[in-house]
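Chains as they are written, first to last, in the working numbering: chain U, 19 to 488; chain V, 19 to 488.
C-beta atoms are modelled at their ideal positions from N, C-alpha and C, and glycine is treated no differently.
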């Protein structure tokens, strides 16, 4: 269907202007170039801050909507806690404050006066939420307490990069409290399962799911579960995490419930988050040297119809007719600019299917479909476009997921010694090691080689996967 | 349809616990009581902050979704600008900084260090956005630039009240730039029209639309348009506003474009916002002495089916069958608690329709429908419930809008002298005055009587409407 929603893309020439470095030549520069060519985001005025531009935000809004739907269906309602955390609350859980203290932004003045107590701009909301949980939870009848919130958080970054690390980012943070340790652990895994669905079914990103090492755990957590896809340069990206918090926070925040027998017991908690960082993972999974590639299930705009051969009322009208007939969000680009400008422009934006139509096509009642990921061109009867578009979007979606899965699987190497692992990782691979990775070894690998433990996979708890990571 | 989404309401006993003051007895206390009885929100740990609880947030999320859909359909895409505004940017437009300086919160330290330049937590985003607009807009081909963002803003409040005034609130802020003064003015009115649709068609709040006086304008605006519904105590509430910013900000932020002839011209801008404050207006428009009343088009949960007469498998099963069959979000309350607890609990939550079913109803193949706003009870054949629910929801929606419209219209008094106007407003009415309200008179009325100019209505530009307001 035709939508006015993407008309702004016709007014912006940005996407046609920028050349893109190849991945082979300079992967980090390629990443920046793809973002800039697709006009997804740019740096904000204060150091490390990010402006998410309309096309980038449309991608985020689709991720949000897919996640939100699944979280609510799991019986977890949304709520909203304040941005500012009184300093005294943030300090209540020892490991937590130790982890976050170096990264926080502090409000000292407000309403024209110096504040009596400093306010911390939330880096995450455990401490402010659990202060309320201690009042909200009294009896076993109040459990499980299931909550989620969509918000912005601030963590001061010294080496910012668009989407991957910025001083402020957008995310959802889920927080739950349960009567038993086991129920909490299962819920933490359920949340990770929701992330895996969104990663694989929507974003076409194949992920390795597993448990983090002690050193890589969330500050204050009992266990941290993670999704670790492989980027095209062989590095891992922490896509989303879910934490079994044990009763650490319950004890620090005095969250006790009386059970069926009137006995006071601490609750068992989880927290879990997925952020705008996932867009960084999306880019580094699918995009190519021509620009952004978006999986159809996530793409805000699924089809663009470009007219070629100059201004022609009949062509414009045919293009609009096709757009009206399609069931997908579709834009007609009938601007009077060169064919090349249109072609490269939409390629850089990563629109899954481009339909090209000109005066000769109308005569022959045909149009050309161009598939973004393969670059394949197909001549299709105009009457068949609707069904062909559906098929092509579906096959592109599964092709991208397969490609992501193959990349990781064919670049994961079983290693039985430290040396083998280091060598494999230097060759841009994941090392799956069968030997015990002690805390000492982990520390050494990180300091000397920049190698980190990604996880112990759920699918094979006898091994540890090591890699370099974003 | 049955949904797991509202199961949390069955675990929370809060809504049955709280007694509600009558409106006549103490309107402000009644307002607080309704919020607390429906468990919509509570005070946060730092002064003036607000925790929006799940049921309150579900209302906000529905408002968001209705607004977002309309804004995007109007061709305005969403984007996201940083939370922190460098102090130097905030100061660029004179009237703007003068208006907001006393209300801002200031970050002075981050990442363990004192910042070189203070960062202001956004009270609104004109200044940070327009700094970018000056780079994004070069030519007439870049116009109109249409943008919107959903975010949180901070304005320090000395007399906070839940939803109405809190140090942090949630909203959307639209910002557009146009080639002509006239186009900008039309767009500001178009945005106000979107708010009016959501107010009337979704929230069943009848609004008076018009233009603000100079004294009541947004800081830095050329003209401010507003929607002013009447609350049940006869006061006005500023529901949403839209500003024609003229070229004030364009000149302060150097936003010039070259027109078709290569001439440099300033752009003409608009900004417009609607916030969680609208929930305060919703409550004071529809709710009654029994608690919250929600218009069906906005209510997160439209139907609740309560079983009566103790635990009974057949009744539970009949209740679940009815729930499955309905097209509206429906919850089954088969808890083993007293009928009274269920009745008062859902009344306080403002669920539009309650279906009551017990053992005798099953035998007679009937159930009782209870309509929230009128309190009417209807015995309905079980096979007719689905169609009756649809009809009752529709008629409740239009009944609430009519009631809101009648309240304002029958309590608006035409006045030809200052004395008449003051008297009418003291009797909890809107005064529609035909005499000229000079800036001196406006100032005097505000200082002596707490009376403000609400607007010059679009429907009758020869009069001015005065009232007390939230």
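1) Roughly how many angstroms lie between the CA atoms of residue 193 (chain V) and residue 113 (chain V), to the nearest whole one?
2) For residue 271 (chain V) versus residue 151 (chain V), is the C-beta spacing smaller than 8 Å?
3) Helix, strand or coil: which one does DSSP assign to residue 78 (chain U)?
4) Give me whichever residues DSSP pairs with residue 292 (chain V) in a beta bridge.
5) Do residue 385 (chain U) and residue 374 (chain U) count as a contact pair if the criterion is CB distance below 8 Å?
6) DSSP state of residue 287 (chain U), grouped into three classes?
7) Run the CB neighbour count on residue 287 (chain V), radius 10 Å, all protein chains shown included, and call it buried at 16 or more, exposed below.
8) At what residue ranges does the region 303 to 357 of chain V contain a whole run of the beta strand (DSSP E), taking only runs of 3 or more?
9) Does any residue of chain V have a CB that is nearer than 8 Å to the CB of residue 20 (chain U)?
10) Name the residues in the region 24 to 51 of chain U whose C-beta lies less than 8 Å from a C-beta of chain V; which are they?
11) Measure the CB-CB distance between residue 76 (chain U) and residue 368 (chain U) and report whether it falls below 8 Å.
12) Which term fits residue 410 (chain V), buried or exposed, when burial requires 16 or more other beta carbons within 10 angstroms of its beta carbon?
13) Measure the CB-CB distance between residue 274 (chain V) and residue 161 (chain V) and report whether it falls below 8 Å.
14) Express the C-alpha separation of residue 291 (chain U) and residue 258 (chain U) in angstroms, rounding to a whole number.
15) Would you mind telling me which residues of chain U sit closer than 7 Å to residue 275 (chain V), beta carbon to beta carbon, in chain order?
16) Looking at chain U, is there any beta carbon in it that lies within less than 8 Å of the beta carbon of residue 205 (chain V)?
17) What's the C-alpha gap between residue 267 (chain V) and residue 142 (chain V)?
18) What residues of chain U sit near residue 64 (chain V), judged by a beta carbon separation below 7 Å?
19) Below 8 Å between beta carbons: does that hold for residue 471 (chain V) and residue 482 (chain V)?
20) Could you check where the alpha helix (DSSP H) with residue 438 (chain U) kicks off and where it finishes?
21) Does DSSP classify residue 139 (chain V) as helix, strand or coil?
22) Grab me the residues of residue 93 (chain U)'s own chain with a C-beta within less than 7 Å of its C-beta, minus the 5 sequence neighbours each way, in chain order.
23) Have a look at residue 187 (chain V) and residue 170 (chain V) and give me their C-alpha separation to the nearest angstrom.
24) Could you name the residues of the same chain whose beta carbon sits closer than 8 Å to that of residue 71 (chain V), not counting the 5 residues immediately before and after it, in chain order?
25) Per DSSP, residue 96 (chain V) forms a beta bridge with which residues?
26) For the region 217 to 224 of chain U and the region 454 to 468 of chain U, state whether three or more C-beta atom pairs, one from each stretch, are separated by less than 8 Å.
27) Between which two residues does the alpha helix (DSSP H) harbouring residue 421 (chain U) extend?
28) Would you call the CB atoms of residue 322 (chain U) and residue 351 (chain U) closer than 8 Å?
29) Quick one: what does DSSP say residue 181 (chain V) is sitting in, helix, strand or coil?
30) Three-state secondary structure (DSSP) at residue 269 (chain U)?
31) With distances taken between CB atoms, is the gap from residue 64 (chain V) to residue 102 (chain U) smaller than 8 Å?
32) Using a Cβ distance threshold of 8 Å, determine whether the region 121 to 133 of chain V contacts the region 239 to 255 of chain V, with at least three qualifying pairs required.
33) Can you tell me which of U:197, U:341, U:104 and U:43 puts its alpha carbon nearest to the alpha carbon of residue 21 (chain U)?
34) Could you tell me whether the Cβ of residue 315 (chain U) comes closer than 8 Å to any Cβ of chain V?
35) Would residue 191 (chain U) be called buried (16 or more neighbouring beta carbons within 10 Å of its own) or exposed?
36) Between the C-alpha atoms of residue 133 (chain V) and residue 139 (chain U), what's the straight-line distance to the nearest angstrom?
Looking at the atomic coordinates:
1) About 18 Å.
2) Closer than 8 Å, so yes.
3) If DSSP states are grouped into helix, strand and coil, residue 78 (chain U) belongs with the helices.
4) Beta-bridge pairing links residue 292 (chain V) to V:190.
5) In this structure, residue 385 (chain U) lies closer than 8 Å to residue 374 (chain U) by Cβ.
6) Strand.
7) By the 10 Å Cβ count, residue 287 (chain V) comes out buried.
8) 321 to 325 and 348 to 351, all fully within the region 303 to 357 of chain V.
9) Not one chain V Cβ lies under 8 Å of residue 20 (chain U).
10) For chain V, the residues of the region 24 to 51 of chain U that bring a beta carbon within less than 8 Å of one of its beta carbons are 24, 25, 26, 29, 30 and 31, in chain order.
11) The answer is no: Cβ separation not under 8 Å.
12) Residue 410 (chain V) comes out buried.
13) It is not a contact, given that the beta carbons lie outside the stated cut-off.
14) Their backbone Cα atoms lie some 6 Å apart in a straight line.
15) By Cβ distance, chain U contributes nothing, its closest Cβ being about 12 Å from residue 275 (chain V), past 7 Å.
16) Taking Cβ atoms only, chain U never reaches closer than 8 Å to residue 205 (chain V), which makes this a no.
17) Looking at the two C-alpha atoms, the distance is approximately 14 Å.
18) Taking a Cβ-Cβ cut-off of 7 Å, the neighbours of residue 64 (chain V) in chain U comprise 100, 102, 104 and 137, given in sequence order.
19) Their beta carbons are under 8 Å apart, which means residue 471 (chain V) touches residue 482 (chain V) by this criterion.
20) Note, residue 438 (chain U): alpha helix (DSSP H), 436 to 444.
21) Of the three classes helix, strand and coil, the one that applies to residue 139 (chain V) here is strand, per DSSP.
22) Excluding positions up to five away in sequence, the list reads 164.
23) Distance between the alpha carbons of residue 187 (chain V) and residue 170 (chain V) is about 6 Å.
24) Excluding positions up to five away in sequence, the list reads 57, 58, 59 and 60.
25) In DSSP, residue 96 (chain V) forms a bridge with V:166.
26) No, they do not touch.
27) Segment 403 to 428, the alpha helix (DSSP H) holding residue 421 (chain U).
28) It is a contact, given that the beta carbons lie within the stated cut-off.
29) Residue state, collapsed to three classes: coil.
30) Helix at residue 269 (chain U).
31) Yes, Cβ-Cβ distance for residue 64 (chain V) and residue 102 (chain U) is below 8 Å.
32) In short, these stretches do not touch, since the Cβ pair count stays below three.
33) Closest by alpha carbon: U:341.
34) No, residue 315 (chain U) does not count as interfacial toward chain V.
35) Classified as buried, residue 191 (chain U) has 16 or more neighbouring CB atoms from the shown chains inside 10 Å of its CB.
36) One C-alpha to the other measures close to 15 Å.
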